[in-house]
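Number of protein chains: 2
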Amino acid sequence: MARTTIHDIAKALNTTAATVSRALNDHPSISEATKVMVRSTAQKLNYQQNRMASSLRSGKSRVIGVMIPSAEISFFGSVIHGVEEIAQARGYNVLLFQSNESYQQEVQGIQTLLQSNVDGIIASIAKESTRYDHYLEVKKRHTPLVLFDRAIEDLGVSTVVIDDYKGAYMATEHLIEQGYTRIAHIAGPSHIKIFHERLRGYVDALTHNNLPVEEDLIVYGKVSIESGRERMSQLLQLKQVPDAVFAVEDFTALGALQAIKESVWSQPGQIGLVGFANEAFSAYITPSLTTVDQQTTAMGREAAQLVLNAITGDATTETLPQKIVLDPKLIMRDSSRRTSLKPDTF
Amino acid sequence: MARTTIHDIAKALNTTAATVSRALNDHPSISEATKVMVRSTAQKLNYQQNRMASSLRSGKSRVIGVMIPSAEISFFGSVIHGVEEIAQARGYNVLLFQSNESYQQEVQGIQTLLQSNVDGIIASIAKESTRYDHYLEVKKRHTPLVLFDRAIEDLGVSTVVIDDYKGAYMATEHLIEQGYTRIAHIAGPSHIKIFHERLRGYVDALTHNNLPVEEDLIVYGKVSIESGRERMSQLLQLKQVPDAVFAVEDFTALGALQAIKESVWSQPGQIGLVGFANEAFSAYITPSLTTVDQQTTAMGREAAQLVLNAITGDATTETLPQKIVLDPKLIMRDSSRRTSLKPDTF
């Protein structure tokens with residue numbers, strides 16, 4: 003069978019080859035409806051665009067580069083699904099680079115994505131990064147850039163984040179409503195804004211509910227299972243043990259849960275626990291983990307929309323950076339349920 | 003602002019675009035002095051060379067492309083770490099593309115990686131793929147290609163796999179040693195070789211231990227939590243319920259565990275369970291999951307070595323495809339432990 007050409011698609015839709023070509027290349031003069039029709043017909047007819055030839059002609063690669071700290075954190079995997087959904091609907095492919103939380107690798111990754119001639123970059127910043135010159139380089143080259151979740155507003159680029167303050171506030175208030183009164187927080191490195199915001203949300207929820215904020219009950223971890231376990235052990239050695247813990251994210255919460263389970267002083271259920279991020283495992287551990295969902299797919303979709311709008315938009319007018327803030331959602335499970343009377347003293 | 007072109011550089015230096023192009027591509031007809039001047043002007047004007055076009059002409063990108071079915075399966079995340087370790091040590095970067103188990107997306111991904119001018123490709127095949135013309139295209143272009151885990155030997159390329167037969171044999175024999183006698187198998191799609199090999203290992207372990215192979219006890223799932231749950235429910239409705247299950251991989255095992263927990267007929271521990279892949283969650287669920295470790299990091303390292311040797315090797319002599327088979331490792335945890343007497347009948 004002969005290979006399907008744009009002429010076959012044009013014929014099937016009773017339109018011109020030029021229109022089909024423009025639609026397939028996401029040209030602004032073609033309506034969204036037409037683009038959708040052309041693409042679905044192209045797929046039906048098994049049309050294979052010669053991407054290499056067409057990108058050499060246009061100078062566009064029709065590829066979006068996504069920089070993530072780690073593919074093993076399901077939060078990022080989930081965001082990528084949102085990015086891919088929108089990208090594919092608009093005829094773009096997605097290449098990934100993982101920084102492994104390292105500044106050096108992040109710099110290498112940005113260079114690699116630029117070398118690969120991606121049309122735009124979506125990125126979440128590595129834990130270790132405290133310099134952002136590589137992102138400024140992307141800006142200087144006028145390659146559209148959108149930051150998500152771990153974003154730096156000072157860079158003057160569009161960002162998509164959730165309201166971390168609100169999520170932490172909701173998590174802490176949920177524990178208060180369950181009747182817990184000595185609520186500890188295992189925080190993250192506070193130079194990273196999202197972690198700092200979660201600390202603020204925790205503090206304000208306590209204060210607004212007339213509970214004291216105790217220095218002893220705030221410990222700083224490294225955002226890992228091991229660190230969650232260590233910090234929780236530390237909390238369990240306090241004279242006055244906390245009756246609940248809000249962990250900065252789910253891996254920390256998982257480590258804390260292990261420490262609680264190993265402790266002779268408590269049974270699961272006696273110490274309330276809430277995490278943050280709704281990682282894939284959190285529904286399946288015992289007790290299942292109450293956590294804060296970050297609308298990951300929506301985050302990916304929004305980031306993709308922003309970067310694609312910048313890519314396909316009018317290049318002569320620079321648009322102002324946009325900031326999209328998504329609402330977090332509390333997912334109530336067993337780990338925060340008040341199952342027994344609070345032990346008065348240990 | 004418009005993107006800087008070679009014409010802008012030529013204008014700034016009062017020379018021709020052809021000279022600029024040759025200088026940027028290190029052409030021997032251009033003097034060193036001119037090359038230096040062109041490069042410094044290019045940098046000053048923020049010129050981004052179209053590496054895609056220029057490397058098609060000459061150079062290497064020093065990038066390895068890795069095609070994975072899903073970044074959310076930690077098995078693949080782990081393999082990537084092994085790939086990155088070796089790649090970085092040899093000055094290469096790694097770009098990822100996820101097929102989401104779709105043939106269409108896998109084809110798109112291979113095109114995207116080729117278009118990005120990667121020096122070599124490491125890939126694991128999507129569940130849905132039953133045609134491999136896109137991989138033949140990679141071969142035809144003489145871009146080094148190595149397949150790992152879900153590999154097709156007929157393609158005549160180098161492969162890195164573990165001994166799935168042996169892993170399944172070990173898993174099943176472990177259940178037999180624990181005293182289970184009615185051991186079911188939730189299999190995967192058997193057109194995928196690794197799943198077929200695991201089925202063979204299960205059957206042979208039973209046979210060699212003088213246990214009957216019962217058709218009723220072999221069910222075929224779709225390699226997902228949901229499918230594991232469904233297939234297990236089906237097994238729990240048998241007149242003679244199995245006393246143990248070997249699941250083809252950990253997500254299937256997780257679904258099976260949920261079905262077991264929900265069943266009124268059993269308590270966790272009464273039905274022995276073994277998975278395959280040692281996914282990140284498997285140590286943390288209750289009961290913790292006995293599973294087969296696939297030496298993921300070693301697999302990534304071996305694949306990277308093979309592809310880099312092909313990239314840097316003598317291009318005039320085609321080397322024969324190599325096949326590396328790694329040994330699996332049984333990880334014993336609670337889910338397979340014999341904790342109670344076998345209930346005689348249900």
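Chains as they are written, first to last, in this note's numbering: chain A, 3 to 348; chain B, 3 to 348.
Where is the CB? At the ideal position from N, CA and C, for every residue including glycine.
Closest by C-alpha distance to residue i, when choosing among the options
i, options, result
"A:M301", "A:E74, A:L98, A:L149, A:L332", "A:L149"
"B:S126", "B:Y182, B:I227, B:T298", "B:T298"
"B:D135", "B:R339, B:Y105, B:F253", "B:Y105"
"A:A189", "A:E217, A:S33, A:E179, A:T209", "A:E217"
"A:I227", "B:T21, B:A282, B:L116, B:K129", "B:A282"
"B:F99", "B:A128, B:T21, B:S338", "B:A128"
"B:D10", "B:V294, B:Q45, B:P30", "B:Q45"
"B:Q272", "B:P289, B:V250, B:A285", "B:P289"
"B:N119", "B:R231, B:R143, B:S131", "B:R143"
"A:T314", "A:D121, A:G111, A:T114", "A:D121"
"A:T43", "A:V22, A:Y286, A:H29", "A:V22"
"B:S194", "B:Y182, B:G111, B:T183, B:G223", "Before going on, a small fix: residue 194 of chain B reads as Ile here, not Ser. Considering only alpha carbons, the answer is B:G223."
"A:T174", "A:D156, A:H210, A:P191, A:G257", "A:H210"
"B:Q1", "A:Q107, A:Q110, A:L115, A:G93", "As shown, chain B starts at 3 and ends at 348. That puts residue 1 of chain B outside it, with no answer to give."
"A:S101", "B:I333, B:Q90, B:Q107, B:S101", "B:Q90"
"A:T321", "A:K141, A:A285, A:M234, A:N280", "A:K141"
"B:L259", "B:R41, B:K241, B:D336, B:N212", "B:D336"
Neighbourhood of residue i by C-beta distance below 8 Å, restricted to the same chain and skipping five residues each side
i, result
"A:Q236", "V221"
"B:V85", "I66, V68, V96, I124, G302, R303, A305, A306"
"A:R202", "Y167, A170"
"A:M334", "H176, T292"
"B:P214", "L208"
Coil, strand or helix - residue i by DSSP
i, result
"A:H29", "coil"
"A:K195", "helix"
"B:I123", "strand"
"B:F150", "strand"
"B:S160", "strand"
"B:M234", "helix"
"B:G257", "helix"
"B:Q242", "coil"
"B:N311", "helix"
"B:L47", "coil"
"A:F78", "helix"
"B:A89", "helix"
"B:S42", "helix"
"A:T293", "strand"
"A:K62", "coil"
Beta-carbon proximity of residue i to residue j, cut-off 8 Å
i, j, result
"A:F248", "A:H187", "yes"
"B:P330", "B:G169", "yes"
"B:Q296", "B:F77", "yes"
"B:S63", "A:Q117", "yes"
"A:A19", "A:I8", "yes"
"A:D245", "A:L291", "no"
"A:E130", "A:E87", "no"
"B:I112", "A:A73", "no"
"B:D156", "B:I196", "no"
"A:V327", "A:V163", "yes"
"A:L256", "A:S160", "no"
"B:L208", "B:R184", "no"
"B:Y286", "A:I287", "yes"
"B:A25", "B:K13", "no"
Close Cβ partners of residue i (< 6 Å) along its chain, the five nearest in sequence each way excluded
i, result
"A:A312", "P146"
"B:R200", "D166, A170, V250"
"B:Y204", "A170, T174, H187, F248"
"B:Q107", "S101"
"A:R340", "Q180, G181"
"A:N280", "T293, D295, I333"
Residues near residue i by beta carbon distance below 7 Å, same chain, minus five either side
i, result
"A:M39", "L15"
"B:Y49", "T6, I11"
"B:D206", "Y171"
"A:I154", "I127, Y134"
"B:S338", "H176, L177, Q180, G274, L275, V276, T292"
"B:T114", "F99"
"A:L332", "M172, A173, H176, V294"
"B:E232", "none"
"A:S229", "G223, T254, G257"
"A:H198", "S192"
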